[in-house]
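Input: a single structure, listed below in C-alpha cells.
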Amino acid sequence: MQACSPAAFDRLLAVAGLSPVELEIAADTRGIGIRLLQPALFFHHSFVSGPLARRARQSNQALLKACNNKTRSIDKILDLTAGWGADSLILASHGQQVTMVEQNSLLFAVLACARETLAQEPAGAGIARRMFLENVEAGEYLQGLDKAHEFDCIYLDPMFPAHKSSAKPAKEMQILQRLTDNREIESVFALALQKARRRVVVKRPAKASSLTDVRPDIVYREKTIRFDVYLTA
Ligand SMILES: C[S@@+](CC[C@H](N)C(=O)[O-])C[C@H]1O[C@@H](n2cnc3c(N)ncnc32)[C@H](O)[C@@H]1O
Numbered sequence: 003m004q005a006c007s008p009a010a011f012d013r014l015l016a017v018a019g020l021s022p023v024e025l026e027i028a029a030d031t032r033g034i035g036i037r038l039l040q041p042a043l044f045f046h047h048s049f050v051s052g053p054l055a056r057r058a059r060q061s062n063q064a065l066l067k068a069c070n071n072k073t074r075s076i077d078k079i080l081d082l083t084a085g086w087g088a089d090s091l092i093l094a095s096h097g098q099q100v101t102m103v104e105q106n107s108l109l110f111a112v113l114a115c116a117r118e119t120l121a122q123e124p125a126g127a128g129i130a131r132r133m134f135l136e137n138v139e140a141g142e143y144l145q146g147l148d149k150a151h152e153f154d155c156i157y158l159d160p161m162f163p164a165h166k167s168s169a170k171p172a173k174e175m176q177i178l179q180r181l182t183d184n185r186e187i188e189s190v191f192a193l194a195l196q197k198a199r200r201r202v203v204v205k206r207p208a209k210a211s212s213l214t215d216v217r218p219d220i221v222y223r224e225k226t227i228r229f230d231v232y233l234t235a
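In this note's numbering, the protein residues as written are 3 to 235.
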C-alpha cells in the first residue's frame, strides 16, 4: 500500500529510471525507500515517521532561532536548497510558510510524494499546506521573482565539502552526495542578499569559514553545525 498518489509515485519512478546512479525505489504507507546499489546504502524518507518527523517536532533548534526574530515577523521563507526537505519540514511544522526550491528532479519527486503523504495525516495536513515545491535552479528562481522582497527569509544549506578527517556523514547525506551537487551557490547567495526582505540564513559546518567574505550579523551554533544570519533590513 502506498501513501502518495499513483501519479506522484509514477513520476518518481520515471525520474529514478533516468538517474545515472543505480537505485531502487519502493513506496509504503509512510514514505519512500531509496536503495542505492553502489555503494549499498538505504534511506527511508518520510515526513510522518522516523528521524525527519521526530526532529521536526523539536522546538529548541538553532534553525528556528536563525529563521525568525524577536517580533516573530518572519512568516514566509524561501528554502533554495530543499534536498530531503528536513529543514523546510521543521520550519513549516512551527508555523512558517516555506517555498522549497530543489534543482534535482529525483529529490523533487521524493519531496512531492512526502508532502502528499503528510497531507493525508490529520496532524500533518496543515503543515503540508504551508509547504510549496519548485523544481528549478535557485538562481533562475530568484531572477524570476515578480516582486523583490517577496520572502522575509531566504535559507541556504549547500552541501558541505567532504572533510578527510571527519567521520562519514549520515546515510541520507551520503546518498544525497551521490545524486546531486551544489550549483552556483556563491552567486545565488549574492542574489539572495538583494532579494530577502529581512534576512538570509546559511547553514555551515561548525568550524568552516563563512560562505563568502561577507560577514554574518548573527551566528547560532549547534554542536556540529552553525547558522550564519545576514540581516537585509
Ligand atoms: C545539503 S542539501 C540540503 C539539505 C536540506 N537542507 C535538508 O534539510 O534536507 C543541498 C541541496 O541543494 C540543492 N542545490 C544545490 N545548488 C542548488 C541550486 N543552485 N539550485 C537549487 N538547488 C540546489 C542540491 O541539489 C541538494 O539537494
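Heads up, the beta-carbon is just placed ideally off N, CA and C, and yes, glycines get one too.
For the pair E224 and I92, the Cα-to-Cα distance works out to about 16 Å. From the listed residues A114, A58, F45 and D89, the smallest Cα separation to A10 is found for A114.
Assigned with DSSP and collapsed to three states, R32 falls in coil, not helix or strand.
Between the segment 50-61 and the segment 86-105 there are three or more inter-stretch CB-CB distances shorter than 8 Å, so the stretches are counted as touching. When the alpha-carbon of E118 is set against those of H47, V202, L25 and T234, the nearest one is in H47. The segment 146-156 makes contact with the segment 195-211: 3 or more CB pairs, one atom from each, lie closer than 8 Å. Beta bridge pairing from DSSP links T226 with no other residue.
Distances from the alpha-carbon of I220 to those of V231, S212 and T214 put V231 closest.
For I79, the enclosing beta strand (DSSP E) starts and ends at K78 to D81. Setting aside the 5 residues that flank it on each side, G33 is surrounded in the same chain by A5, H46, H47, S48, F49, V50, S51, G52, C115, A116 and T119, each with a C-beta closer than 8 Å to its C-beta; the list follows chain order. In this structure, DSSP gives P53 a helical state, which the three-state scheme calls helix.
The three-state secondary structure of M161, taken from DSSP, is coil. In this structure, ligand 1 has a non-hydrogen atom nearer than 7 Å to the beta-carbon of G87. The residues G35, in chain order, have a CB closer than 6 Å to that of A28 in the same chain once the five nearest residues on each side in sequence are set aside. Under the three-pair Cβ rule at 8 Å, the segment 120-130 does not count as touching the segment 168-183.
In terms of Cα proximity to R206, the closest of L181, A235 and F162 is F162.
Between the alpha carbons of P160 and K72 lies a distance of about 26 Å. Between ligand 1 and E224, a heavy atom-to-CB distance of less than 7 Å is absent. Per DSSP, the beta-bridge partners of L38 are L25 and L43.
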